Amino acid sequence: MDYATDRKPRLALMGEFSVGKSTLTNLLLGAAPLPTQVTATRLPPVWLRHGTGPAMRLDEVGEPHRMELSELSQISPDTTRLVQLEMESEMLELCDLIDLPGISDPNMPTDLWHSLMEEVDLVVWCTHATQAWRQSEAAAWEAVQKKTVGPNLLLVTQIDKLTSQRDRDRVMARVESETAGLFASRHAISLTQAITAGENEEAWINSGAANFTNDLIDALLSCALSYAGAGPSDEPCRNPTPPDTTRPTEQISAVSPRRVKNRIGERLRTRPITPGFDTPVLRDMGLVPAGERS
Amino acid sequence: MSEQQTTDDRSDIRATDLPSNLRSGLEPLKGLASKIAVLDEALDALSGLGNENTGRAVAKMRKSLNAFEPSVTMLGQVKAGKTALVNALAGWSDLLPSDVNPWTSVVTSLHLIPGNEPIETSARFQFMTEGEWDRLLEKGGRIGELADRAGAENELQKIRQQVLDMREKSRRRLGRKFELLLGQSHEYSFFDKNMVERYICLGDDFNDLPGDDPDAVDDTPDGSDEQGRFADITKTADLYLNSKTLPLRLCLRDTPGVNDTFMMREQVTIQAVRDSRTCVVVLSAHQALTSVDMGLIRLISNLDGRDVIIFVNRIDELADPARAIPEIEASIQQTLRDHQGPEGARILFGSAYWANRALSGRLQNMAQASADALLAWAAAKLGPGCGDLPVADMVWELSGLPALYHAISERIAEDVGAAQITKVASTAVTLAGSLQAAEAITIRSAEDSAGASASMNMYDIRAELAEIAKYHLQILQNDFDVLIGEHHQRADRVHTNFIQRATHSLIAHLEKNGEDEVWEYSPTGLRILLRSAYNVFGSRAQLAAQKSYEAAVGDLAMLYSRAFGPAVEGIEIAVPSAPDIPAPVVLGQAIALDFRDGWWAAWWRRTRGYNAFAKQFQTLISAETLDFMTQLKTVQTGEIRDQAMATLKDFLEQQCDILGSLSTSTTAQSGDVQELFYGATETQRRKKLQNTMETLSRYAA
Numbered sequence: 037m038d039y040a041t042d043r044k045p046r047l048a049l050m051g052e053f054s055v056g057k058s059t060l061t062n063l064l065l066g067a068a069p070l071p072t073q074v075t076a077t078r079l080p081p082v083w084l085r086h087g088t089g090p091a092m093r094l095d096e097v098g099e100p101h102r103m104e105l106s107e108l109s110q111i112s113p114d115t116t117r118l119v120q121l122e123m124e125s126e127m128l129e130l131c132d133l134i135d136l137p138g139i140s141d142p143n144m145p146t147d148l149w150h151s152l153m154e155e156v157d158l159v160v161w162c163t164h165a166t167q168a169w170r171q172s173e174a175a176a177w178e179a180v181q182k183k184t185v186g187p188n189l190l191l192v193t194q195i196d197k198l199t200s201q202r203d204r205d206r207v208m209a210r211v212e213s214e215t216a217g218l219f220a221s222r223h224a225i226s227l228t229q230a231i232t233a234g235e236n237e238e239a240w241i242n243s244g245a246a247n248f249t250n251d252l253i254d255a256l257l258s259c260a261l262s263y264a265g266a267g268p269s270d271e272p273c274r275n276p277t278p279p280d281t282t283r284p285t286e287q288i289s290a291v292s293p294r295r296v297k298n299r300i301g302e303r304l305r306t307r308p309i310t311p312g313f314d315t316p317v318l319r320d321m322g323l324v325p326a327g328e329r330s
Numbered sequence: 002m003s004e005q006q007t008t009d010d011r012s013d014i015r016a017t018d019l020p021s022n023l024r025s026g027l028e029p030l031k032g033l034a035s036k037i038a039v040l041d042e043a044l045d046a047l048s049g050l051g052n053e054n055t056g057r058a059v060a061k062m063r064k065s066l067n068a069f070e071p072s073v074t075m076l077g078q079v080k081a082g083k084t085a086l087v088n089a090l091a092g093w094s095d096l097l098p099s100d101v102n103p104w105t106s107v108v109t110s111l112h113l114i115p116g117n118e119p120i121e122t123s124a125r126f127q128f129m130t131e132g133e134w135d136r137l138l139e140k141g142g143r144i145g146e147l148a149d150r151a152g153a154e155n156e157l158q159k160i161r162q163q164v165l166d167m168r169e170k171s172r173r174r175l176g177r178k179f180e181l182l183l184g185q186s187h188e189y190s191f192f193d194k195n196m197v198e199r200y201i202c203l204g205d206d207f208n209d210l211p212g213d214d215p216d217a218v219d220d221t222p223d224g225s226d227e228q229g230r231f232a233d234i235t236k237t238a239d240l241y242l243n244s245k246t247l248p249l250r251l252c253l254r255d256t257p258g259v260n261d262t263f264m265m266r267e268q269v270t271i272q273a274v275r276d277s278r279t280c281v282v283v284l285s286a287h288q289a290l291t292s293v294d295m296g297l298i299r300l301i302s303n304l305d306g307r308d309v310i311i312f313v314n315r316i317d318e319l320a321d322p323a324r325a326i327p328e329i330e331a332s333i334q335q336t337l338r339d340h341q342g343p344e345g346a347r348i349l350f351g352s353a354y355w356a357n358r359a360l361s362g363r364l365q366n367m368a369q370a371s372a373d374a375l376l377a378w379a380a381a382k383l384g385p386g387c388g389d390l391p392v393a394d395m396v397w398e399l400s401g402l403p404a405l406y407h408a409i410s411e412r413i414a415e416d417v418g419a420a421q422i423t424k425v426a427s428t429a430v431t432l433a434g435s436l437q438a439a440e441a442i443t444i445r446s447a448e449d450s451a452g453a454s455a456s457m458n459m460y461d462i463r464a465e466l467a468e469i470a471k472y473h474l475q476i477l478q479n480d481f482d483v484l485i486g487e488h489h490q491r492a493d494r495v496h497t498n499f500i501q502r503a504t505h506s507l508i509a510h511l512e513k514n515g516e517d518e519v520w521e522y523s524p525t526g527l528r529i530l531l532r533s534a535y536n537v538f539g540s541r542a543q544l545a546a547q548k549s550y551e552a553a554v555g556d557l558a559m560l561y562s563r564a565f566g567p568a569v570e571g572i573e574i575a576v577p578s579a580p581d582i583p584a585p586v587v588l589g590q591a592i593a594l595d596f597r598d599g600w601w602a603a604w605w606r607r608t609r610g611y612n613a614f615a616k617q618f619q620t621l622i623s624a625e626t627l628d629f630m631t632q633l634k635t636v637q638t639g640e641i642r643d644q645a646m647a648t649l650k651d652f653l654e655q656q657c658d659i660l661g662s663l664s665t666s667t668t669a670q671s672g673d674v675q676e677l678f679y680g681a682t683e684t685q686r687r688k689k690l691q692n693t694m695e696t697l698s699r700y701a702a
């Protein structure tokens, strides 16, 4: 696949550390390439794109090196500026996914993601339900938002830690009020429930994942449209080595359910995203509901 | 319903459910309490051995001993669970209201008093003064100041808007009462939940959810306004209540969270750190030690680098506490080490949620995830022998509250507790010494009634004592003027030097890297140098005070000797100890250079051109450091001087009292000395005095 001409929207997952960004990445991919743990995951930014090429890392000076996926947990942000992974995930047919290191981690330099922000189109900002939307987030978002073209989403994670519906409503009401005008939409999700939902449709809906992924896909589609017709982009992280087809993606262990994948599949089954889409066609296909956000 | 009844009703109803190990962890505090009891007994004995003057002095000491109330302040980010933890420590699970959204906007002090004695005033709410309001409006707190100087117009505007909105809202709600209330305080002989909410809960504006408040009463026309009615103008809240478990008075202080988007809360809390000796930083287990927590810990350890207690709350929300806790602990330790955090900081884990469940006897219907976590933690933490414990006791133990109480108690006993005992005991030793001296005078007049020692009359002695006092106070004042002047010069030199070096580095950076790369310069050097300047001042100040005290005591000894002759020979007058030098807390204050992201980068981006950089940088840093330079140069040094002067003045006044005792002894008892000297009662009295003196000396050491 030629990255230079096929410029997909780039979706960044951001937020404070330990709010579940890596878990969310794994959920969206329907696979678990990223390590998750109870303390901060100290990885450099991870850029995931569709393909079967080998895992690469860019060192401090931007020199690419091949790496094994199993080495991921040993990668230090001190010596690696960026990790590039290729996977055959349906989500990645729709967009490139960039998992950024969490903010407010005293052990991570803050400039790690500043330079990458220029490459990002839209952001899902994750915030932990029990301590949602603190000043450190509000201040960081103020700086980040300008660099995006949106539509950006706010995702309140671990909503299951709030046990009553009233509490959830109150937190969401406050977050809604405090972030008015800052995000295109806001969602609450229980990542634990979403991951364990299996084929249980009701559990998937109850976890908040259904609404969130629907909105996210709409956002990505609208973003893809704005890129339609754009010239070759200045892809900064082009993979210098040809895709290595001998490396099977199966080594990335699958997590159940592959619901995100299914959902994207439903929407994309008949048409892959390519430049040249126009709105009426999409609307006819039912891919963008009429009157939907832009 | 009075507060008294509330506690009693509650304990009666739930007596059977309550954990029986609520005193677990309080042992060090109990040890301190028994020491205080022994000391108090000795004071009581002393009071009966002297005259009226002695009685008055002892009464004062006992009052100060009984009023001793160490305080513990809970600090942490917004929604870390500070309020729930304070409630659990107070043994009353729903005492202070807590909510899923930030509510606490006032520093709330819970004064726990052992026993069942009725409390006169149960609640006191202090409102802000006009000046404090104006300051909020003009400056918008410290972060507002930061924003203003860096030109982050939006942020300052935001804070201003927050403050204006808040003021407008309370003005609307309170009408013309608004102006009248400022600076006032409200006191009550009881309190209940609604009252507390009215004063300290700055409720949110999102109350329009259907069926939001099930407790809302319909008879108030503006029911939603009732809650938090005074909260936005309340400065502090003090609640007084009895505790059945504590051996000593204890004040638990709950603070608004830091890192709240309502930035005034952070400001309120940072102010509270300055008044607190013992601080507990409360973290939420899901996110170990953020940069904001780290800043808070630095601020506190600057206050007292010895020991910071970190309580990682909400372990009930961990899926597998047994596996996660060691991992979180290692991560926190590592971060503290990597960032020069305080050494040997205590890190404790627990769950205020579990503790409050145990306290309220609601162990059955816990949230499933929380119950699972509890079982997993129990399996890992409790040995096989624990199966016999009642469930409530086990949960209380696992909640981490006993361990937290132990850490707090230990800290109090070693630190403020020990200091309080030594202080009172030393004063008492001096007083007891004067009684012995008075006795010696009596003996002297008995042996030689013609005694030539009356060469000075009382009037002369007093005049000379006044002269000595005046002289030494003046000398000490002069010494301090010189010391403070030198300190100013030293601090200013360090400051100028730092700005010069930083500016050079800035220009070098610009020449080398241009304007696009953000330049960083650590203010650590400035802090170290200022701290050492302050320490130099501190030790010189102590030396000067000590010298002055010794000289004063020397002169007094001469005076006594001339006035009373050999009768006072061998009597020791204790030299007061020089004041402690408080830690330069103010150095912990964050300045522009500490902010590695956010507005520093924004400032950088906004500034263009080499000259502009250097000039604006100098202005910025001068303005940034103005507050702590003033604090360090003028405020803290002034406080040390005042304390040193006060110690000398108190000491001299005490000597005046002693002189009073000496003179009454000679005149009143010279008549029937024989009887006095040989009488059985007197012998016993002297023996008693000797014993008391020994007890007191043991504690004074």
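Protein chains in written order, with our numbering: chain A, 37 to 330; chain B, 2 to 702.
The C-beta atom is built at its ideal place from N, Cα and C for all residues, glycine as well.
Note that the structure is a prediction, hence the values are computed from the model and not measured.
Is it buried or exposed, residue i, if we count other Cβ atoms within 10 angstroms and call 16 or more buried?
| i | result |
| --- | --- |
| B/Glu318 | buried |
| B/Glu118 | exposed |
| B/Met559 | exposed |
| B/Cys657 | exposed |
| A/Ala168 | buried |
Could you have a look at residue i and say whether DSSP puts it in helix, strand or coil?
| i | result |
| --- | --- |
| A/Glu129 | helix |
| A/Ile111 | coil |
| A/Lys44 | coil |
| B/Asp294 | helix |
| A/Pro83 | The amino acid occupying residue 83 of chain A in the given sequence is Trp; Pro does not appear at that position. Note: A/Trp83 maps to strand in three-state DSSP. |
| B/Leu383 | coil |
| B/Ser514 | Strictly speaking, residue 514 of chain B in this sequence is Asn, with Ser absent from that position. If DSSP states are grouped into helix, strand and coil, B/Asn514 belongs with the helices. |
| B/Ala705 | Given that chain B is displayed from residue 2 to residue 702, the structure contains no residue 705 of chain B and the question cannot be resolved. |
| A/Arg117 | strand |
| B/Ser186 | strand |
| A/Thr75 | coil |
| A/Gly98 | coil |
| B/Ile529 | helix |
| A/Val180 | helix |
| B/Arg11 | For B/Arg11, the pLDDT reaches just 42, beneath the cut-off of 50, and the residue's location in the model is therefore unreliable, although a value from the coordinates is still provided. Reduced to three states, the DSSP call for B/Arg11 is helix. |
| A/Ala175 | helix |
| B/Trp378 | helix |
| A/Gly51 | strand |
Using the C-alpha atoms, what's the distance from residue j back to residue i?
| i | j | result |
| --- | --- | --- |
| B/Asp480 | B/Asp651 | 19 Å |
| A/Val341 | B/Arg502 | Coverage of chain A is limited to positions 37 through 330, which leaves residue 341 of chain A absent and any answer about it impossible. |
| B/Val274 | B/Leu621 | 25 Å |
| B/Arg24 | B/Ala323 | 26 Å |
| B/Leu477 | B/Gln547 | 10 Å |
| B/Ala393 | B/Ser371 | 15 Å |
| B/Gly434 | B/Met694 | 8 Å |
| B/Glu654 | B/Ala426 | 18 Å |
| B/Gln295 | B/Val281 | In the sequence under discussion, the amino acid at residue 295 of chain B is Met, which differs from the Gln named in the question. Cα to Cα, the separation comes out at about 13 Å. |
| A/Asn62 | A/Lys44 | 19 Å |
Taking residue i and residue j to be in contact with their CB atoms under 8 Å, please state how far apart those CB atoms are, rounded to whole angstroms.
| i | j | result |
| --- | --- | --- |
| A/Pro71 | A/Leu121 | Wrong, their Cβ atoms sit about 13 Å apart, outside the cutoff. |
| B/Val269 | B/Leu297 | Actually they do not touch by this definition, with Cβ atoms about 14 Å apart. |
Is any heavy atom of the ligand PLP found at a distance shorter than 7 Å from the C-beta of residue i?
| i | result |
| --- | --- |
| A/His101 | For the structure depicted, the ligand PLP is absent and the ligand set is empty, with no information on it obtainable. |
Subject >> Ranges of the alpha helix (DSSP H) found wholly within the region 42-127 of chain B, counting only runs of at least 4 >> reply: 53-67 and 83-91
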